[in-house]
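Taken in sequence, the protein lines are chains A and B. Everything in the first sequence is counted per our numbering, starting at 24 for the first residue and increasing by one. Everything in the second sequence is counted per our numbering, starting at 320 for the first residue and increasing by one. First comes the structure, then the notes that go with it.
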Amino acid sequence: MDSTATRVPTLPGLAIWLPRLEAVAIPVAALIAGLAVFSLFLLALGNSPIEFFSLVFKAAFGTAFSWKNTLSRVAPLLFAGLCVALPARLGLVVIGGEGAIALGGLAAAVTGVWLASLPGVVGLPAMAFAAMAVGGLWIGLVGLLRIKRGVNETIASLLMAYIAIALMNHLVEGMFRDPASLNKPSTAPLADALRVGNMPIGIEVHWGFGVGTIACVLCWVLTDRTTIGFAARIAGDNVRAAQVQGLPVAKLIVGFTTLGGAMAGLAGFFEVAAIHGSANASLVVGYGYTGILVAFLARHNPLAIIPVAILLAGFEASSGLIQRRMDLPDATILVMQGIVFVMLLLSETLYGRIKFFRPELWEDPR
Amino acid sequence: MEALQVETVGMTMRFGAFTALDAVSMTVRPGTVHALLGENGAGKSTLVKCIMGFYHATEGGLLVNGREARIADPIDAQRLGLGMVYQHFTLVPSLTGAENLVISRADAPRVINWSAERAQIAEFLTRLPFQPELDQPVSRLSAGEKQKLEIVKQLYLGNRFLILDEPTSVLTPDEADEMLSHIRALCMSGEISVLLITHKFREVRAYADDVTILRRGRMVGGGAVSRLSNDALAHMMMGDAATPRAPHRQETEKRPVLVVRGVQARSRSGTSHIRIDDLTVHSGEIVGLAGISGNGQTELMEMLTGQRPLTAGNINVKGAAYSATRQEARDHKVRYLPEEPLKNAAAPSMSVAENLAFRDFDMGTSGPRLWQDRRAMERAAEAQIIGYNIKTTSAHSPISALSGGNVQRTVLARELSGDVDLLIVANPCFGLDFNAVAAIRERLIAARNRGVAILLISEDLDEIMELSDRLATIRDGQITFQGATSSITRSEIGVYMAGHA
């Protein structure tokens with residue numbers, strides 16, 4: 024059975040691309056299936072799915088204003104998506120990005136208050152660095168717990184997110200509270216010089232979108248074009264094989280979780296410096312959790328995070344209009360996200376089963 | 320209930336162009352122990368898989384009590400009263416023996432009336448010549464007790480023809496003797512017939528009535544055991560070269576390469592210690608480490624690959640302390656071939672080309688590299704796929720799509736490429752077919768002849784006898800014997816592996 028192969032079988036060029044096509048086709052199919060199921064839910068409530076989706080489209084991508092509304096929500100989803108996708112390359116499921124966003128935002132705000140007299144070119148990078156450091160430390164600790172004590176990173180990151188949020192609230196209401204913030208305890212407002220402005224692209228979208236996009240590209244270069252990313256893939260696919268090869272699995276885990284946390288910290292930085300102007304409970308609005316959906320839809324590919332984040336930001340941007348026009352609660356969008364996520368998890372079982380995408384199944388190798 | 324007669328008629332199994340089983344006809348008479356003898360890869364497991372319905376024979380058929388039986392799957396086999404005891408246990412470790420018996424029944428009720436079941440089991444046990452331990456969780460039982468329970472389970476399920484697949488490979492000699500005498504007693508009382516897969520002559524001689532010998536998929540002989548001498552059995556099993564020592568040995572200079580001295584580590588279970596006082600592997604020699612599975616081989620491999628921390632002692636490679644970092648392995652040209660390569664040495668969802676690149680992807684011509692060179696990776700992969708005869712649809716196919724032999728070849732190609740000074744191998748041929756085994760052993764000998772120091776950890780004594788220049792045995796985490804392979808007989812090795820009975 025193993026006797027006479029003397030040449031490497033070559034495949035038509037298309038066949039090499041088929042597995043990559045699979046990685047696109049299956050999530051897209053899952054998204055469509057999820058939306059179809061969600062349509063049934065709308066019908067059951069007596070609403071027209073057609074009206075719903077055309078409204079969503081209009082509110083998310085229909086006009087310049089809706090594009091602005093959508094794109095300004097993309098930044099935190101890009102960063103939160105990276106916080107899930109980077110550890111996922113090592114086979115780790117980290118779902119606690121929300122905590123790193125909260126603490127990162129707080130660190131940025133506190134640094135901004137401390138450096139109030141500095142010009143933006145110095146102060147903003149310092150704030151961003153503080154946010155990344157705290158976010159990175161928080162999720163990096165999850166990685167450290169994993170390698171040192173074998174603590175499950177999913178549970179650890181989730182529980183640490185609760186701690187982070189409580190800590191943020193505690194500090195915002197206590198130590199770092201601006202006495203002038205009466206209704207909503209916040210840190211002192213940032214000086215104007217320490218606010219992040221809009222990008223010069225014609226529509227009002229803050230720099231978070233641009234930086235987030237660049238971060239996605241750089242992370243993709245790291246994961247898909249460097250030997251570090253390759254080592255991470257080996258460790259993520261089979262940690263024992265990576266260990267036998269002497270690859271620095273522990274360092275990779277700490278490095279990737281720290282980098283992921285730093286990205287989530289940046290989300291907090293932009294929320295504070297571009298949107299709210301101070302740190303407060305508005306940092307905790309679920310971006311970290313939507314980031315999980317983003318990363319999974321993108322198959323943990325940092326480049327794919329960009330379009331997916333824009334799509335999901337569009338859905339979120341439309342919830343206000345949906346609520347007003349169709350008299351649906353704004354949680355409807357959450358229902359939709361939940362259904363899509365379940366579909367996505369179901370679709371994970373399809374990989375490698377659809378013969379069309381797998382040339383090696385076309386004929387029995389024997 | 321009575322013992323069954325089971326007969327294969329011209330049973331043939333082909334996989335593509337490869338004939339794993341070639342018109343094998345044999346009869347297991349009711350109430351007898353029938354030994355199925357053959358080397359690894361001779362077709363023993365293919366034959367029993369055909370009987371049990373895991374495979375469907377390409378040609379030929381099966382008669383049970385003289386009637387044709389069509390067996391589509393193992394459930395059909397069980398319905399006819401055919402049962403199999405596997406080499407590895409199929410009991411649920413956290414349940415007691417009695418619980419394991421009840422849940423193994425296809426008709427186990429949704430709500431189990433335990434007192435009724437217990438009474439029934441107690442009544443059933445009175446008919447047995449031996450008593451298994453039923454009240455302890457299986458995880459607390461010794462290997463022998465577990466094996467006994469496996470057999471009781473088959474009887475409890477009403478099976479009257481049992482296939483035992485190397486049942487003694489995980490047992491001490493005492494346990495093996497006890498178990499086989501029970502089996503023998505059950506056969507003599509006409510309760511069951513047994514097909515015993517083994518490659519131990521002693522067991523055949525002491526416990527079997529008849530024997531069938533397979534070699535390369537063909538039935539090469541058989542008959543009543545009493546009429547066949549051990550020499551005749553060996554001759555039939557091995558062919559003309561009765562004990563094949565791998566040929567073409569060339570001697571090169573012998574320098575110590577791997578020196579393990581006074582090394583200790585905790586065992587997997589954490590309850591005992593692995594202690595290797597002195598183990599040296601020289602360049603240009605193969606040292607075989609023989610042992611019954613679970614005596615510390617896995618742990619030793621982990622210690623050598625840096626996956627298990629040492630509590631004492633040190634490992635030296637070419638005179639320098641060695642802790643198995645990637646840099647040290649590279650500097651000293653140390654390579655590993657762990658057992659079950661898909662599980663321990665490959666990333667299943669990554670492509671063949673990527674898997675071939677594990678060793679060198681981060682090294683450029685002039686030092687460590689940050690950017691990956693996919694084109695170079697693919698070029699290197701194509702050369703290795705040809706050089707090592709790896710059968711794959713393309714270099715881009717995931718390695719998990721390959722057959723076991725080709726996965727092993729891929730890993731071998733990766734680990735034997737370039738300069739190698741020390742190769743540490745564990746069970747390299749486990750579960751592979753005849754051709755793959757031959758090819759892999761040839762590669763190992765070729766590497767030895769080039770001056771590579773090879774530590775071969777194997778549970779297959781034949782493999783060790785064939786390949787190794789020196790041989791060591793391991794038991795309870797300690798080396799119990801070391802010496803030239805030619806200086807010791809199989810049965811002496813058996814004593815060192817199993818301890819003095």
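Glycine residues also receive a C-beta, built at the ideal position from the N, C-alpha and C atoms.
For L533 of chain B, no chain A residue has a C-beta closer than 9 Å to its own C-beta; the minimum C-beta separation is roughly 18 Å. The segment 267–318 of chain A is shown to contain whole alpha helix (DSSP H) runs of 4 or more residues at 272–293, in chain order. Interface with chain B (9 Å Cβ-Cβ cutoff): I49 of chain A is excluded.
A straight line joining the alpha-carbon of A714 of chain B with that of D260 of chain A spans about 18 Å. The closest CA to that of A425 of chain B, considering only B:H407, B:L447, B:P393, B:P451, is found on B:P393. The beta carbon of A264 of chain A sits closer than 9 Å to some beta carbon of chain B. The shortest C-alpha to C-alpha distance from L366 of chain B to any of B:V328, B:V352, B:Q397, B:E387 is the one to B:V328. In the pairwise beta carbon analysis, the segment 380–400 of chain B is classified as touching the segment 473–480 of chain B: at least three pairs are separated by under 8 Å. Around the Cβ of I73 of chain A, a 10 Å sphere holds fewer than 16 other Cβ atoms; the residue is exposed.
Residues of chain A whose Cβ lies closer than 9 Å to the Cβ of K662 of chain B are, in chain order, N261, R263, A264. Bridge pairing for Y374 of chain B: absent [DSSP].
I276 of chain A is outside the set of residues whose beta carbon lies under 9 Å from a beta carbon in chain B.
DSSP assignment within the segment 618–663 of chain B yields the following whole alpha helix (DSSP H) runs of 4 residues or more, N-terminal first: 645–650, 660–663.
In this structure M150 of chain A touches F292 of chain A by the C-beta definition: roughly 6 Å separates them, less than 8 Å. Contacts between A327 of chain A and chain B, judged by CB atoms closer than 9 Å, are missing: the closest CB pair is about 18 Å apart. Residue pairing of D395 of chain B in beta bridges, as defined by DSSP: absent, with no partner found. The beta-carbon distance between V576 of chain B and D738 of chain B, rounded to whole angstroms, is 13 Å. This is too long to meet the 8 Å contact definition. Under the DSSP assignment, V325 of chain B falls in the beta strand (DSSP E) whose first and last residues are 325–334. Taking all protein chains in view, the Cβ of G166 of chain A is crowded by 16 or more other Cβ atoms within 10 Å, so the residue is classified as buried. Following the DSSP letters along the chain, one finds D484 of chain B inside the beta strand (DSSP E) bounded by residues 480–484. A distance of 9 Å or more separates the beta carbons of E121 of chain A and A48 of chain A.
DSSP places M222 of chain A outside both helix and strand once states are collapsed to three, so it counts as coil.
Taking 9 Å as the threshold, the shortest C-beta distance from G269 of chain A to chain B falls below it. Taking all protein chains in view, the Cβ of M183 of chain A is crowded by 16 or more other Cβ atoms within 10 Å, so the residue is classified as buried.
G252 of chain A belongs to the set of residues whose beta carbon lies under 9 Å from a beta carbon in chain B. For the segment 628–659 of chain B, the set of residues with a beta-carbon nearer than 7 Å to any beta-carbon of chain A comprises A643, T644, R645, A648, Y655, P657, in chain order.
Contact between E510 of chain B and A322 of chain B holds: their C-beta atoms lie close to 6 Å from each other, under 8 Å.
In the structure shown, G463 of chain B adopts helical secondary structure according to DSSP, grouped into three states. Annotated as distal: M198 of chain A and A302 of chain A, with beta-carbon spacing of 9 Å or more. Cβ neighbours of M498 of chain B within its own chain (closer than 8 Å, five residues either side excluded): G463, Q466, K467, I470, P486, T487, L490.
No Cβ of chain A is located within less than 9 Å of the beta carbon of L577 of chain B. Rounded to whole angstroms, the Cβ separation of V117 of chain A and S180 of chain A is 5 Å, and the two are in contact under 8 Å. Looking at the DSSP output, W690 of chain B shares a beta bridge with A:T249. Residue state for V421 of chain B is assigned as helix, using DSSP reduced to three classes. P110 of chain A has a beta carbon lying at 9 Å or more from every beta carbon in chain B.
In the DSSP assignment, I793 of chain B forms a beta bridge with B:I798.
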